[in-house]
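Trainee: Residue numbers for the sequence shown follow the UniProt record's numbering, beginning at 1 and rising by one.
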Amino acid sequence: MPALLRTPGPDVRRGASSTPAVALTFHGAGDPALTRRALSILADHGAHMTVFAVGTWLSANRDLGRAIVAAGHDLGNHTWSHQTMPRLSEAAAHTEIARGATAVAAIDGSSPYLFRPSGTPSSTAAIRTAARASGYARCISFDVDPADYQDPGSAVVVSRTLAAVRAGSIVSLHLGHPGTITALPSILAGLASRSLQPVTVTRLLA
Numbered sequence: 001m002p003a004l005l006r007t008p009g010p011d012v013r014r015g016a017s018s019t020p021a022v023a024l025t026f027h028g029a030g031d032p033a034l035t036r037r038a039l040s041i042l043a044d045h046g047a048h049m050t051v052f053a054v055g056t057w058l059s060a061n062r063d064l065g066r067a068i069v070a071a072g073h074d075l076g077n078h079t080w081s082h083q084t085m086p087r088l089s090e091a092a093a094h095t096e097i098a099r100g101a102t103a104v105a106a107i108d109g110s111s112p113y114l115f116r117p118s119g120t121p122s123s124t125a126a127i128r129t130a131a132r133a134s135g136y137a138r139c140i141s142f143d144v145d146p147a148d149y150q151d152p153g154s155a156v157v158v159s160r161t162l163a164a165v166r167a168g169s170i171v172s173l174h175l176g177h178p179g180t181i182t183a184l185p186s187i188l189a190g191l192a193s194r195s196l197q198p199v200t201v202t203r204l205l206a
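1) Does the segment 155-168 come into contact with the segment 133-140, if we say contact requires no fewer than three beta-carbon pairs (one atom in each stretch) closer than 8 Å?
2) What residues in its chain sit with their C-beta under 6 Å from that of residue 98, if we drop five residues either side in the sequence?
3) In three-state DSSP terms, what is residue 14?
4) Based on the DSSP secondary-structure assignment, which residues constitute the bridge partners of residue 207?
5) Taking 9 Å as the cut-off, decide whether the C-beta atoms of residue 73 and residue 29 are in contact.
6) Taking the C-alpha atoms as reference points, what is the distance between residue 168 and residue 176?
7) I need the boundaries of the beta strand (DSSP E) containing residue 28, first residue and last residue.
8) From residue 7 to residue 40, what does the alpha carbon distance come to, in whole angstroms?
9) Tell me where the alpha helix (DSSP H) around residue 82 begins and ends.
10) Using a Cβ distance threshold of 8 Å, determine whether the segment 182-198 contacts the segment 43-52, with at least three qualifying pairs required.
11) Note down the Cα distance separating residue 86 from residue 94, rounded to an integer number of angstroms.
12) Using a Cβ-Cβ cut-off of 9 Å, state whether residue 151 counts as contacting chain C.
13) Which residues mark the beginning and the end of the beta strand (DSSP E) in which residue 173 is found?
14) Please go through the segment 98-149 and give each complete alpha helix (DSSP H) segment of 4 or more residues, from N-terminal end onward.
15) Tell me residue 198's beta-bridge partners as DSSP assigns them.
16) What three-state label does DSSP hand residue 219 in the structure shown?
17) Look at residue 2 and residue 206 and say whether their C-beta atoms are less than 9 Å apart.
18) I'd like to check one pair, residue 35 with residue 64: are the Cβ atoms closer than 9 Å?
19) Quick one: what does DSSP say residue 31 is sitting in, helix, strand or coil?
20) Restricting to Cα atoms, I'd like to know which of 90, 181, 170 and 126 is closest to residue 151.
21) Indicate the three-state DSSP secondary structure (helix, strand or coil) for residue 72 in the structure shown.
22) Does the distance from the C-beta atom of residue 50 to that of residue 33 stay below 9 Å?
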């Protein structure tokens, strides 16, 4: 676990700009076939990702979760059922986070340290309190958001991502959207042209 994630604090939005790397983070949900395509593309490019998995999806696709971990990617918690977290009570938020943590632990057996709240780009005080109760000192946010979940088309996802990404960036993407997976090879090529290596959040923050 990176030292930064051992101490409570504000959301982590990016890594150090001196690091010639970026973290491609994916919200884990949707058609498992799309995730398998992403795994294949990343393997072809020698790249790694972090999947913040929705617990219900992960529990229904355990073999896929194990494949993600076996390929050297990070597996994090994106809550149990992808509620809009700022609207939940602290107790309900805690339940969502705790059940999501259990789903992740059932796959990789790790102690919890990678969490991204659902339904919001930023945590609230109540979310942070609930997250700490489940062992998450900080929430992982992002500094690049191509809004791929709106399905703007793969070319737009590529252009938005490459226009905003910098060394140390954490990029928010979604596995359940075909346009995102279609965009992935071009995103990886664009990063390579800038000598930016796609790595896990764990490695980016190490």
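From the three backbone atoms N, C-alpha and C, an ideal C-beta is built for every residue, glycine too.
Mentor: With the given structure in hand:
1) Pairwise C-beta distances place the segment 155-168 out of contact with the segment 133-140, as fewer than three of them are shorter than 8 Å.
2) 134
3) strand
4) Coverage of the chain is limited to positions 1 through 206, which leaves residue 207 absent and any answer about it impossible.
5) Contact check for residue 73 against residue 29 fails: the beta carbons are separated by 9 Å or more.
6) 25 Å
7) 21-28
8) Here the C-alpha atom of residue 7 lies approximately 35 Å from the C-alpha atom of residue 40.
9) For residue 82, there is no enclosing alpha helix (DSSP H), as DSSP marks it with neither H nor E.
10) yes
11) 12 Å
12) Reference to chain C is not applicable here, since this structure consists of a single protein chain.
13) 170-174
14) 125-133
15) 22, per the DSSP bridge assignment.
16) The requested residue 219 is not part of the displayed model; the chain covers only 1 to 206.
17) yes
18) yes
19) Under the three-state reduction of DSSP output, residue 31 falls in the coil class, being neither helix nor strand.
20) 181
21) coil
22) In this structure, residue 33 does not lie closer than 9 Å to residue 50 by Cβ.
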